[in-house]
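For the first sequence, the numbering used here begins at 4 and goes up steadily by one. By construction, the Cβ of each residue, glycine as well, lies at the ideal position given by its N, Cα and C atoms.
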Amino acid sequence: MEELPKAYDPQGIEDRLYKEWEAKGHFHAKPDPKKKPYSIVIPPPNITGILHMGHALNDTLQDILIRFKRMQGFEAEWMPGTDHAGIATQNVVERKLAKEGKKRQDLGREKFIEEVWKWREEYGSTIIRQLKKLGCSCDWERTRFTMDEGLSDAVLDVFIKLYEKGLIYRGNYIINWCPRCQTALSDEESQHRDVDGMLYHIKYPIKAAKDSFVIVATTRPETMLGDVAIAVNPKDKRYKDLKGKAVMLPLVGRELKIIFDPIVDLKFGTGALKVTPAHDPVDFELGRKHNLEQINVMNDDASINSLGGDYEGLDRFEAREAILEDLKARGLFIKSEPHRHAVGHCYRCHTMVEPRLSPQWFVKMKPLAKPAIDAVKKGKIKFYPERWTKVYLDWMTNIRDWCISRQIWWGHRIPVYYCKGCKDGEGIIVSKAKPEKCPKCGSADIAQDPDVLDTWFSSWLWPFSTFGWPKETPELKYFYPTNALVTAQEIIFFWVARMIMAGIEFRGAIPFKDVYIHGTVRDITGTKMSKSLGNVIDPLDMIAKYGTDALRFSIISITAQGQDVFLSEGKFELGRNFANKLWNASRFILMNLKEDEVKADLCVFFKGAKLSLPDKWILSRFYSTLSYVTECLDEYKFNEAANSIYEFIWHEFCDWYIEIAKVTISEKSSQVILYKVLEKSLRMLHPIMPFVTDEIWRKLPREKTGADSIMIESWPHVQKEMISKDAESKMKELIEIIVAIRNIRSVWNIDPQTSVEAIMNVHEGGIEKLLRENEGFIKRTARVSSLKIGKISKPAGAAASVVGRVEIYIPLEGLIDLAKERTRLKKEEDRINHEIRSISARLKDKNFTLKAPKEVVEKQAARKDELVSQLEKLKSNLEQI
RNA sequence: GGACGCGUAGCUCAGUUGGUUAGAGCACUACCUUGACAUGGUAGGGGUCACAGGUUCGAGUCCUGUCGCGUCCACCA
């Protein structure tokens with residue numbers, strides 16, 4: 004057979020195989036009534052994205068599922084695509100323009116959008132190429148983009164549907180405003196971070212009362228320019244006298260009402276709250292309740308506007324300083340105290356968010372949330388790990404309306420037109436296309452709403468818009484609902500929850516059955532990997548250095564279900580070494596395989612073959628492993644699947660079976676089993692390590708009429724009748740004996756080349772038979788020249804060891820240090836004594852013998868017998884020294 | 001303020017529904033370049049399973065509390 008290179012070198016192999024898979028259409032799936040569908044939609048990466056370890060984990064997991072299901076015979080569709088990422092992409096293109104000294108306003112809206120599309124043409128598919136490097140078997144022919152015609156159409160359709168249903172409205176509310184991106188954000192896009200701020204105590208003079216003040220505490224003194232009232236709790240005795248009075252706003256001179264409202268916390272600050280309805284959500288509510296004026300004192304960039312009087316033009320933080328100075332000058336400033344509190348930050352540029360009154364479009368969420376809550380409560384959608392169910396339900400039951408309009412240019416433009424001929428607020432036309440004239444007044448003076456929709460307003464349709472919705476395509480009918488959604492916890496609210504609502508509302512069915520939430524990839528210190536922190540490990544570097552399979556295997560093997568992953572570069576050696584081990588085992592087998600022997604009908608062979616214990620054992624271990632791995636993959640226990648394959652291939656197949664088979668390798672049964680176990684192991688490992696498995700598989704002798712790649716081969720069938728607990732326990736016993744002999748050799752520094760004589764003192768037929776039948780490989784693997792089995796007493800000057808039913812003697816006349824041997828055996832005796840004591844105590848305890856299951860008690864008793872007999876043997880050995 | 005996760009070998013982590021002697025990888029020690037593999041082999045050392053109670057015949061595993069670390073959510077200005 005063909006000889007393989009000495010070490011596995013992924014360079015060259017990976018790209019070659021990937022191109023071939025793709026060219027042959029192995030990734031493509033289409034509706035096939037004869038097969039069951041299995042589908043996953045990718046969490047679409049941003050077009051600005053570059054592959055990071057989070058993707059490496061996320062997309063490897065999905066690829067494992069898809070490859071596994073494809074092999075199991077499902078029509079497996081992995082729908083890929085990218086997200087236009089409104090704010091993020093606009094920022095990137097604006098930065099590019101800035102380098103040329105231009106602003107987007109210089110270009111104008113149309114030209115700017117053209118620039119973004121150009122940028123997208125050039126860089127937007129970087130991430131797709133990188134996913135290919137990862138080995139992802141996505142159905143690239145179907146690749147979608149959230150700004151594609153069809154998907155954009157779906158977005159407009161959904162907007163109109165919700166508007167007509169009364170679930171979309173426009174209103175002037177406090178929203179999260181990013182002064183840098185100059186747009187509104189949803190609550191989810193405003194990320195709370197603890198900030199060390201100050202709480203400033205300021206005197207507000209009471210009107211017409213000399214030298215009396217109300218002291219308020221605020222963290223944002225600059226907003227006082229928009230104050231319209233002071234609120235106190237009606238129960239607050241300190242402020243009883245304020246009834247019927249008014250307060251003068253310092254620096255501005257406006258008269259402020261005093262209002263009484265239980266929302267004010269008596270314990271916080273001074274118990275008096277300055278009310279700024281245009282700049283704070285609580286104040287906004289107070290303002291509505293008490294009919295207060297709303298004074299917005301800021302521009303879009305958070306500088307003070309003309310309503311801010313002398314402070315106009317100052318940035319919010321400059322204004323804060325200036326106002327504090329002026330207050331000090333007038334003796335109205337009392338003190339500032341350090342105050343740590345959570346403040347919202349823009350999730351795109353991390354600028355401090357300014358809560359601010361602004362007219363925006365909103366989606367009413369409560370009606371959408373209700374069926375989405377039920378779907379999860381009834382178990383139609385399951386979260387893995389299960390604990391995320393609670394997180395989802397808590398959020399959903401407290402859901403608030405979704406601000407969906409953004410004051411940027413890149414995105415789906417809101418399909419709303421305003422007629423200037425109609426009275427303010429009445430000439431709203433919601434329509435996909437621009438109307439010629441206003442249906443109400445006939446005016447042609449119509450302008451579209453300048454805003455675009457939140458990026459997530461297209462993402463939430465992803466599981467069905469990608470399959471062609473609102474058109475009733477065959478793909479949509481066949482592949483929807485999808486089977487699994489694999490994503491990170493950060494995105495549960497942004498995306499997962501909203502997809503569930505959208506799926507039920509627009510498609511009338513849940514979008515996926517399982518949601519697998521994996522952990523966050525962190526660096527070795529536990530910090531989230533991010534480019535700005537400079538602690539990233541670039542997956543592409545790791546692929547170049549260790550290979551894709553190594554990257555995939557390593558990250559999977561160290562990621563327990565739903566736990567965060569702590570990565571360091573050294574961890575990729577695990578996967579690289581494993582790929583190399585597999586490569587070399589295959590290399591050995593291929594060097595020795597006689598093609599004719601293994602091309603014969605294997606089923607016929609197994610019917611007639613008399614298998615040796617190691618043969619039965621390795622087959623049993625393989626099918627046990629296969630059965631467990633299948634179960635693990637179905638339950639999203641990827642690490643357990645990976646680790647049990649590793650354990651099987653390395654420590655059972657390579658360490659034992661191949662070593663044992665070296666003697667019998669030219670025999671038919673060894674040939675067949677080596678081939679069969681290797682070939683099936685490759686299939687079992689393929690979803691996790693797609694490249695090395697296919698490369699080796701192609702070199703195996705096989706019927707050329709079959710599949711041309713392991714990726715479209717079938718998942719091995721678990722042959723239960725091959726699983727033999729008897730073979731497994733017998734083999735375990737022999738392995739223990741071999742290890743004991745090796746141990747003696749090692750302890751007495753016997754040269755690895757030197758063969759020794761070994762004596763097995765046995766008093767029972769079963770074990771004697773077992774030893775005799777397997778004498779060959781025992782001698783070989785333990786380097787024993789002659790093996791005597793029977794009732795044989797210990798020769799003088801022999802080292803001894805007791806394993807289960809066997810006493811092992813290795814005659815080492817003259818080589819043994821008797822004192823050292825005594826200590827060694829004594830240590831062993833102590834260990835056994837200790838265990839006997841503990842088991843005896845248990846067996847004497849009636850509570851145990853009566854209450855524990857019979858099996859457990861029997862097992863303990865048997866264990867005790869074994870230990871006692873071992874102890875006797877040890878003692879007699881000790882006496883003979 | 002609420003919710004969740006984690007604390008197991010020097011390091012990074014597994015540990016199924018409670019049941020013999022708690023595992024792996026890396027690191028460490030000794031020996032080995034043996035015809036698959038030094039990205040390797042053989043043997044070995046190393047753990048009061050954070051702490052304190054409780055349930056149980058039996059707890060790393062279940063319950064309560066404490067301490068430490070981390071994450072998410074939240075309108076104390």
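Tell me, please, which residues DSSP counts as bridged to residue i.
i      : result
Val235 : Phe263 and Ala275
Leu570 : Asp526
Cys139 : Bridge partners of Cys139: none, in fact.
Ser193 : Cys349
Val632 : Per DSSP, none; premise fails for Val632.
Asp318 : Ser306
Trp586 : In DSSP, Trp586 forms no bridge with anything.
Trp408 : First, the amino acid is wrong: residue 408 is Ser here, not Trp. According to DSSP, Ser408 bridges with Leu456.
Lys791 : Ile762
Glu258 : Met251
Gln451 : Tyr420
Asn49  : Asp86
Within the same chain, show all residues whose beta-carbon is closer than 6 Å to that of residue i, passing over the 5 residues directly before and after it, in chain order.
i      : result
Glu736 : Gly807
Thr490 : Pro46
Pro237 : Phe263
Leu774 : Met763 and Ile792
Arg319 : Glu225 and Ala305
Using 8 Å for Cβ pairs, my map puts residue i next to residue j. What's the rounded Cβ distance?
i      : j      : result
Asn486 : Phe515 : 7 Å
Val119 : Trp413 : 5 Å
Gly229 : Ala281 : 5 Å
Pro675 : Phe625 : Contrary to the premise, residue 675 reads as Val rather than Pro in this sequence. 13 Å between Cβ atoms; not a contact.
Tyr41  : Glu78  : 7 Å
Ile117 : Arg107 : For the sequence presented, residue 117 should be read as Glu rather than Ile. No, Glu117 and Arg107 are not in contact; Cβ-Cβ is about 11 Å, not under 8 Å.
Gln410 : Thr186 : 4 Å
Tyr21  : Lys164 : Not quite, the Cβ-Cβ distance comes to about 41 Å (not below 8 Å), so this is no contact.
Pro388 : Ile520 : 7 Å
Is the beta carbon of residue j closer than 8 Å to that of residue i?
i      : j      : result
Gly274 : Arg241 : yes
Leu891 : Ile233 : No answer is possible for residue 891: the residues shown for the chain start at 4 and end at 884.
Cys444 : Ile432 : no
Leu276 : Asp239 : no
Trp718 : Met56  : no
Asn299 : Arg359 : yes
Arg147 : Thr469 : yes
Ser361 : Ile178 : yes
Met885 : Leu396 : Nothing can be reported for residue 885: it is not among the residues displayed for the chain, which extend from 4 to 884.
Leu7   : Arg827 : no
Ser408 : Gln363 : yes
Gly174 : Phe386 : no
Leu846 : Ala865 : no
Lys383 : Ile513 : yes
Val158 : Leu456 : yes
Ala500 : Met594 : no
Thr562 : Phe694 : no
Near residue i, what residues of its chain come up, given a Cβ to Cβ distance below 8 Å and the 5 sequence neighbours on each side ignored?
i      : result
Cys657 : Lys584 and Ala588
Lys878 : Glu832
Ser647 : Thr628, Tyr631, Val632 and Cys635
Ala450 : Tyr420, Tyr421 and Lys423
Gly169 : Lys367
Lys38  : Gly76, Phe77 and Glu78
Excluding sequence positions up to five away, which residues of its chain have a Cβ less than 7 Å from the Cβ of residue i?
i      : result
Ile713 : Leu685, Arg686, His689, Thr696, Asp697 and Trp700
Leu335 : Ile205, Lys206 and Pro253
Ala91  : Asn49, Thr51 and Arg351
Quiz item: Whole beta strand (DSSP E) runs in the region 336 to 394 with 3 or more residues, listed along the chain?
Solution: 336 to 349, 357 to 366 and 385 to 387
Quiz item: Along the chain, which unbroken stretches of the beta strand (DSSP E) at least 3 residues long are found entirely within the region 616 to 672?
Solution: none
Exercise. Please specify which runs of the beta strand (DSSP E), each continuous and at least 3 residues long, are wholly inside the region 160 to 232, giving them in chain order.
Key: 171 to 181, 186 to 188, 193 to 208 and 216 to 221
Quiz item: Curious, which full-length alpha helix (DSSP H) runs of at least 4 residues does the region 715 to 779 contain?
Solution: 728 to 750 and 768 to 776
Exercise. Return the chain-ordered ranges of every alpha helix (DSSP H) run that is complete within the region 483 to 524 and spans a minimum of 4 residues.
Key: 500 to 505
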